[in-house]
Structures are given as structure tokens and as C-alpha cells.
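Everything below concerns the one structure shown next.
Numbering (our numbering), first residue to last: 11 to 122.
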């Protein structure tokens, strides 16, 4: 249902509005994480094509609260192959992974 709603909004040009992606992200990702559907939550984030640092920060916090930040961390866009996000996003991910998953932190640093 979430994926279909995003496809519909995208086809109608509604996702071009910067205020719609954060709303859709919150409406879709949080319930998916609450029901343990981590892969679908990541799929929704990919489908939305998030570029906004604040929205990514909200996603990072949601995944961290759900205990699955390590899964999201490899999806976070990094330059030069993707748009650079705000430093807050990267700093938050690094700080949280240092506490909850040092192995993932090491892998992430190697990727970045």
C-alpha cells in the first residue's frame, strides 16, 4: 500500500514538492519499522529519493529507535556518487553506531 501510494503521488507530480516527501516518509517508514518490516521501510526511502538532510535525520532517528540503524546506515547517500547531506546526519549515524554497532561503524567508514 505504501509503495503504491508513493508511486501514485510521484506519477501525479506531487513528490516534486519538498514538503511532501518528509510527510510521506514519516507516514510510511514509522509504521513499517513498528511492524518489523525493515526492508520495506528502506525500500520506501529509496523510492522517495530523499535528498533533504532533515528528513534523513528523522529516518536515522526512527531506525535507531527501532534498533536497526545498522541496516539503514549503508543506504545513506555519500558524495561523490550521491548528494551530500548535512553534517548532522553523518555525525548522528557515526555517534550512534559507535555505541550500538562498532563492526558496522568500521564497515561504514570503509565505504565512506
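Glycine included, every Cβ here is placed at the ideal spot set by N, Cα and C.
- Beta-carbon to beta-carbon, residue 39 and residue 72 are separated by about 6 Å, close enough to satisfy the 8 Å threshold.
- Shown here, residue 77 sits in coil according to DSSP, grouped into three states, outside any helix or strand.
- No Cβ-Cβ contact shorter than 8 Å links residue 60 with residue 33.
- For the alpha helix (DSSP H) assignment, the uninterrupted runs of no fewer than 4 residues enclosed by the region 85-118 are, from N- to C-terminal side, 97-110.
- The beta carbons of residue 83 and residue 107 sit about 6 Å from each other, so the pair counts as a contact at 8 Å.
- In this chain, the alpha helix (DSSP H) harbouring residue 34 covers 30-44.
- For residue 58, the enclosing alpha helix (DSSP H) covers residues 48-58.
- Cβ-Cβ distances below 8 Å link residue 99 to 63, 66, 67, 70 and 86 in the same chain, with the five nearest sequence neighbours on each side left out; the list follows chain order.
- According to the DSSP assignment, residue 18 belongs to the alpha helix (DSSP H) that extends over 12-21.
- The alpha-carbon of residue 43 is positioned some 9 Å away from that of residue 52.
- Look at residue 66 here: in three-state DSSP terms it is helix.
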